[in-house]
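For the sequence shown, the working numbering gives the first residue as 21, with consecutive numbering after it. One structure is given here, and the rest of the page talks about it.
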Amino acid sequence: MTLLELARESLGNAGVNTRGLSRDEVATRALHSTSDFPEILSAVTNKTLRQAYEACRGTGKLLINAPALDKLQALRDRLGKPLIVRSAYRSPEHNRAVGGATRSEHLDGAAFDIAMANHDPVAFEAAAREVGFLGFGFYPRSGFMHVDLGPARQWGERFPVRATAFAAETPPAREALAQSRTMKGGGAAGVATLGAAGVEVAQSVLAETQTAILPLVPYLDTLRWVFIAVALGGIAVTIYARLDDWKRGRR
21 MTLLELARES LGNAGVNTRG LSRDEVATRA LHSTSDFPEI LSAVTNKTLR
71 QAYEACRGTG KLLINAPALD KLQALRDRLG KPLIVRSAYR SPEHNRAVGG
121 ATRSEHLDGA AFDIAMANHD PVAFEAAARE VGFLGFGFYP RSGFMHVDLG
171 PARQWGERFP VRATAFAAET PPAREALAQS RTMKGGGAAG VATLGAAGVE
221 VAQSVLAETQ TAILPLVPYL DTLRWVFIAV ALGGIAVTIY ARLDDWKRGR
271 R
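What follows is the structure in C-alpha cells.
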C-alpha cells in the first residue's frame with residue numbers, strides 16, 4: 021500500500037470524503053487531520069521526514085510529496101540498506117541560502133541528495149533508475165548522489181569505479197552443529213549417564229548371579245563413578261557454552 025492509499029484510507033476511517041481531491045490535497049488533509057495517518061507516516065518515514073525538516077534549517081516549512089516519498093521507499097526496499105538523506109525538501113529561503121537552482125526539484129520535495137557512504141554508486145544509480153527517478157547529479161567529492169523526479173537528465177562527474185563493491189549484508193553465521201560446544205558437552209553428558217546406569221545394572225546382576233567374579237565388582241563401582249564424573253563434566257561444559265553464547269548474542 022502506498023502512502024497516498026494510506027492517507028485516503030485514514031481519512032475515510034475518520035469520516036472524511038476524499039472523492040475529487042487531488043493527491044496533494046489528500047496528503048495535506050491527512051497530515052493535518054485527527055486520523056491515524058500522521059502517526060503512520062511518522063512510523064514509516066520518520067527518518068526521511070526528520071532529515072527533510074532539518075534541511076529547512078529551522079524555517080518551519082515542510083512539504084510532503086507523496087509520490088516522491090513512495091519512490092524513495094521503493095528505492096530503500098530494493099537496495100535493502102538504509103538511505104542517508106543529506107537534503108530533501110528545501111524551503112525557498114534555505115534554497116537561496118545554499119545557492120540552489122531557482123527551479124530546483126528540492127523546492128517541490130521531489131529531489132533527494134543521498135550519501136554514498138554505505139552504497140555502491142553504480143548499484144545505487146541502477147536501482148534508482150529502476151524505481152523511476154529520472155534526474156541524476158553526481159558529487160563524488162562531497163560523497164553524495166542527487167536523484168529527482170524531474171525531466172530525464174544528469175550532470176557532474178561520475179563516481180570512480182570502486183575496486184570492490186559493497187558486499188550484501190548477511191547475519192553472522194551460526195555455529196555448525198558438528199562444532200557446537202553445547203552439542204559436544206550435552207552428548208558427553210548423555211553418553212556418560214547411560215554408561216553409569218549400564219554399569220550399575222551390570223554390577224547388580226553380577227553380584228546376584230556370578231559369585232566367582234565378585235572381586236570385579238569394586239572395579240565396576242569405580243567405572244560407574246568415572247562415568248558420573250564425565251556426565252557432570254559434560255553438563256558443566258554445556259552450561260558454560262550456553263552462558264558464553266548468550267553473552268555473545270549467539271542464541
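Even for Gly, the Cβ is constructed at its ideal location relative to N, Cα and C.
Once DSSP output is grouped into helix, strand and coil, what is the label at residue i?
{"i": "Tyr159", "result": "strand"}
{"i": "Ala130", "result": "coil"}
{"i": "Thr122", "result": "coil"}
{"i": "Ala34", "result": "coil"}
{"i": "Val105", "result": "strand"}
{"i": "Val181", "result": "coil"}
Whose C-beta lies closer than 6 Å to the C-beta of residue i among residues of the same chain, with five residues either side of it excluded?
{"i": "Leu83", "result": "Tyr109, Gly129"}
{"i": "Leu103", "result": "Arg96, Ile134"}
{"i": "Ala131", "result": "Glu125, Asp168"}
{"i": "Ala50", "result": "Ala27, Ser30, Leu31, Phe57"}
{"i": "His52", "result": "none"}
If I measure Cβ to Cβ from residue i and keep anything under 8 Å in the same chain, skipping five residues before and after, which residues do I get?
{"i": "Leu24", "result": "Arg43, Val46, Ala47, Ala86, Pro87, Asp90"}
{"i": "Ala172", "result": "Leu154, Gly155"}
{"i": "Arg98", "result": "Ala147, Glu150, Val151"}
{"i": "Arg178", "result": "Pro141, Phe158, Pro160"}
Assuming the contact rule is C-beta atoms closer than 8 Å, residue i and residue j should be a hit. Round their C-beta distance to whole Å, please.
{"i": "Phe164", "j": "Arg106", "result": "5 Å"}
{"i": "Gly170", "j": "Gly155", "result": "4 Å"}
Looking at the secondary structure, which residues open and close the beta strand (DSSP E) in which residue i lies?
{"i": "His166", "result": "164-168"}
{"i": "Arg173", "result": "173-175"}
According to DSSP, which residues form a beta bridge with residue i?
{"i": "Ala135", "result": "Phe164"}
Please check if any C-beta of chain C sits within less than 8 Å of the C-beta of residue i.
{"i": "Gly163", "result": "Judged by its chain identifiers, the structure shown contains no chain C, having just a single protein chain."}
Excluding five sequence neighbours on each side, which residues of the same chain lie with their C-beta closer than 7 Å to the C-beta of residue i?
{"i": "Thr38", "result": "Arg28, Leu31, Gly32, Val46"}
{"i": "Trp175", "result": "Gly157"}
Could you spell out where the alpha helix (DSSP H) holding residue i opens and where it closes?
{"i": "Arg96", "result": "86-99"}
{"i": "Pro141", "result": "141-151"}
{"i": "Ala117", "result": "112-117"}
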